[in-house]
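In the UniProt record's numbering, the protein residues as written are 1 to 146.
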């Protein structure tokens, strides 16, 4: 069946990958107190709850006519994804034991978006443990690579 030019379906341009950088899940650094206390409780509250890593995806839309995202904007997106992930877990007194991420910058014509996939394995944290302030290996994001 042939379509006449007027009836042909419109095709919108697809998102193209500009760059992608990732960090494999690694043990999270914790600021431990002076004593030799392990920062996690020996027994999690729900032992079967987090045997596996949890994954969350976050998309950050940039305004149209925005130029290519800078290194700092990409890092800010990864930080914000981590903050949102932690907000989901904090109500249950959990911290991230293992964390990793993948940041992808996408472009469709003159529109950019940053897609962040955050992977983590939560665990029950002791009251003395202070969560790391930054996602692991954030310095991997460098605009010289794109």
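Ideal placement from N, C-alpha and C gives every residue a C-beta, glycine not left out.
Check	Outcome
Nearest-angstrom beta carbon gap, residue 120 and residue 139 [assumed within contact, 8 Å]	Contact flag wrong, Cβ pair sits at about 19 Å.
According to DSSP, residues forming a beta bridge with residue 20	104
Three-state secondary structure assigned by DSSP to residue 75	helix
Cβ pair residue 118, residue 56 closer than 7 Å	yes
CA nearest to the CA of residue 70, picked from 114, 25, 83 and 108	114
Helix, strand or coil at residue 96 according to DSSP, with G and I counted as helix	strand
Inter-residue Cα distance where the pair is residue 141 and residue 61	18 Å
Check whether residue 105 and residue 23 have beta carbons under 7 Å apart	no
With 16 other Cβ atoms within 10 Å as the buried cut-off, status of residue 84	exposed
Assumed close pair residue 122, residue 82 - CB separation to whole angstroms, cut-off 8 Å	The Cβ separation is near 12 Å, so there is no contact.
Cutoff 6 Å; reference residue 20; Cβ partners in own chain excluding five residues on either side	104
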